[in-house]
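Enquirer: So the sequence shown is numbered by the working numbering: it starts at 285 and just counts up by one. Pasting a structure here, questions to come.
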Amino acid sequence: MTTKNLTILGATGTIGLNTLSVVARHPERYKLFALTANSNYQRLVEQVERYRPVYAVLADETKAAACRLLQTGTCYDTTFLYGTDALERVASDPAVDIVMAAIVGAAGLKPTLAAARAGRRVLLANKEALVMSGNLLMEAVQKNDAELLPIDSEHNAVFQALPQRPGGLAERGVSRIILTASGGPFRTWNLAEIENVTPAQAVKHPNWVMGKKISVDSATMMNKGLEVIEACWLFGAEASQVEIVIHPESIVHSMVSYRDGSVLAQMSNPDMRIPIAYGLAFPERIEAGVATLDLATIGKLNFEALDNKRFPCVELAYRAIDMGGTAATLLNAANEVAVEAFLIGELSFGQIYHAIDFVLKESVVKPVKVLQDVMVADGESRLMAQDWIKSYKRRRSSAAEGVM
Numbered sequence: 285m286t287t288k289n290l291t292i293l294g295a296t297g298t299i300g301l302n303t304l305s306v307v308a309r310h311p312e313r314y315k316l317f318a319l320t321a322n323s324n325y326q327r328l329v330e331q332v333e334r335y336r337p338v339y340a341v342l343a344d345e346t347k348a349a350a351c352r353l354l355q356t357g358t359c360y361d362t363t364f365l366y367g368t369d370a371l372e373r374v375a376s377d378p379a380v381d382i383v384m385a386a387i388v389g390a391a392g393l394k395p396t397l398a399a400a401r402a403g404r405r406v407l408l409a410n411k412e413a414l415v416m417s418g419n420l421l422m423e424a425v426q427k428n429d430a431e432l433l434p435i436d437s438e439h440n441a442v443f444q445a446l447p448q449r450p451g452g453l454a455e456r457g458v459s460r461i462i463l464t465a466s467g468g469p470f471r472t473w474n475l476a477e478i479e480n481v482t483p484a485q486a487v488k489h490p491n492w493v494m495g496k497k498i499s500v501d502s503a504t505m506m507n508k509g510l511e512v513i514e515a516c517w518l519f520g521a522e523a524s525q526v527e528i529v530i531h532p533e534s535i536v537h538s539m540v541s542y543r544d545g546s547v548l549a550q551m552s553n554p555d556m557r558i559p560i561a562y563g564l565a566f567p568e569r570i571e572a573g574v575a576t577l578d579l580a581t582i583g584k585l586n587f588e589a590l591d592n593k594r595f596p597c598v599e600l601a602y603r604a605i606d607m608g609g610t611a612a613t614l615l616n617a618a619n620e621v622a623v624e625a626f627l628i629g630e631l632s633f634g635q636i637y638h639a640i641d642f643v644l645k646e647s648v649v650k651p652v653k654v655l656q657d658v659m660v661a662d663g664e665s666r667l668m669a670q671d672w673i674k675s676y677k678r679r680r681s682s683a684a685e686g687v688m
């Protein structure tokens, strides 16, 4: 058995921690080449002391001095690097076999592209990389004989349910891809209740343990909209071929519907170690440390139609697909800004949709030919969203003063 060298981009986050859990069960299969973090230097140093990678990267250079103070003699065999350029370096190093792309948001785009251009197996847990630059990433994968395996539970489920043979969806007899969604913490709340939920309420997902940003995306169901865009790129699907169904139990992770009427579903307990283990070992299957699904204990599974009035952010994603070009980049950037504003109390939950809607309506959508096109659109969208949020705060302040 050949040992594979693994770089984990975003090692201190939820996906990174779960990846380390799976890897620790198979020391004969995987060697940690690099672990990276954005600013959580305390956890990164702890991981280095435990797992002894060749490299450790802290992207936030302002934390470099504090990180060095924490390093002890137990870190002597790991080289620490600082800055965002180092992320691309450890993602594309000739010694690396597999890259877990788990950096949240737009920050993960460049190192993910670097891994693809280097011909690596890329385990894609960062959906934003495909949302922002789907054509560029897919082109890099194809030109450089890289492998792109989805780690999002929904797309991993689709991948497992598709025939492993060449050809598009039509050639493989596929009529629809059905992405399941838990509905998040506000599935049964009415519109008035949803409008003013707090950040603490929004980050409490009923089934999954995730970071704050993706938890809010799940609460608004923007994450499902982003997943529709991702599915179109990953599987060569039209937007009309990708549907969403609410499934509160999160046991059926997604389904593939075939033209003969068959529907194949991938089911498991809601645990990210399953798709991670699948991606690491594909086409083999390895033990992931997850309990076997017991359907008799679960008893029943429920499915519901998506309520677009309660979760309007999904419609924004379909609109961005129709617009093409940089529209998905604009959508993603505006969402990141709006979610951050909500988390720090500058924006109400219900206004997240309106901030993104404004950016999509007012922006000029352009073709995506090179990475710079994506980065320019990303920056413009962020500025526009920030300006809208400032305007919203002024309006809210003026309204409050009027009441007083």
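All C-beta atoms in this analysis are idealised placements derived from N, C-alpha and C, irrespective of residue type, glycine included.
Determine the closest residue to T363 out of M384, V329, A350 and P378, with distance taken between C-alpha atoms.
Expert: The candidate whose alpha carbon is nearest that of T363 is V329.
Enquirer: Does DSSP put A521 in a helix, in a strand, or in coil?
Expert: DSSP places A521 in coil when its eight states are reduced to three.
Enquirer: By Cβ distance below 6 Å, which residues in the same chain neighbour N586 in space, the five residues on each side in sequence not counted?
Expert: Apart from sequence neighbours up to five positions away, the residues of its chain that approach N586 with a beta-carbon distance below 6 Å are P532, ordered along the chain.
Enquirer: Strictly by DSSP, which residues pair up with Q550?
Expert: S538
Enquirer: Which residue spans inside the stretch 386 to 434 form an unbroken beta strand (DSSP E) run of at least 3?
Expert: Counting whole runs of 3 or more residues, the stretch 386 to 434 contains the beta strand (DSSP E) stretches 405 to 408 and 431 to 434.
Enquirer: On the premise that V406 lies in contact with A430, defined as a C-beta separation below 8 Å, what is that separation, rounded to the nearest angstrom?
Expert: 6 Å
Enquirer: Look at the Cβ atom of A348, then the Cβ atom of L342, and state whether they are nearer than 8 Å.
Expert: yes
Enquirer: Do you know how far the Cα of I640 is from the Cα of Y602?
Expert: 13 Å
Enquirer: Would DSSP call I628 helix, strand or coil?
Expert: Collapsing the DSSP output to three states places I628 in coil.
Enquirer: Alpha carbons only, please: which of L301, T472, A611 and I636 is nearest the one belonging to G663?
Expert: A611
Enquirer: Report the CB separation of N302 from R557 in whole angstroms; it is logged as a contact under 8 Å.
Expert: 5 Å
Enquirer: By the three-class DSSP mapping on this structure, what secondary structure does A375 have?
Expert: helix
Enquirer: How many Å lie between M506 and M416 at the Cα?
Expert: 14 Å
Enquirer: Please report the straight-line C-alpha distance between N592 and T504, rounded to a whole angstrom.
Expert: The alpha-carbon atoms of N592 and T504 are separated by roughly 11 Å.
Enquirer: Do G294 and V442 have their C-beta atoms within less than 8 Å of each other?
Expert: no
Enquirer: Classify D671: buried if its beta carbon has 16 or more other beta carbons within 10 angstroms, exposed otherwise.
Expert: exposed
Enquirer: In angstroms, rounded to a whole number, what distance separates the CA positions of L393 and V512?
Expert: 18 Å
Enquirer: May I have the straight-line CA-CA distance separating A413 from T613, to the nearest angstrom?
Expert: A straight line joining the alpha-carbon of A413 with that of T613 spans about 9 Å.
Enquirer: What first and last residue would you give for the alpha helix (DSSP H) that runs through R352?
Expert: A348 to L354
Enquirer: On the DSSP letters alone, give me the boundaries of the alpha helix (DSSP H) that Y602 sits inside.
Expert: C597 to M607
Enquirer: Taking DSSP's pairing of strands, which residues face I260 in a bridge?
Expert: Nothing about residue 260 can be read from this structure; the chain reaches only from 285 to 688.
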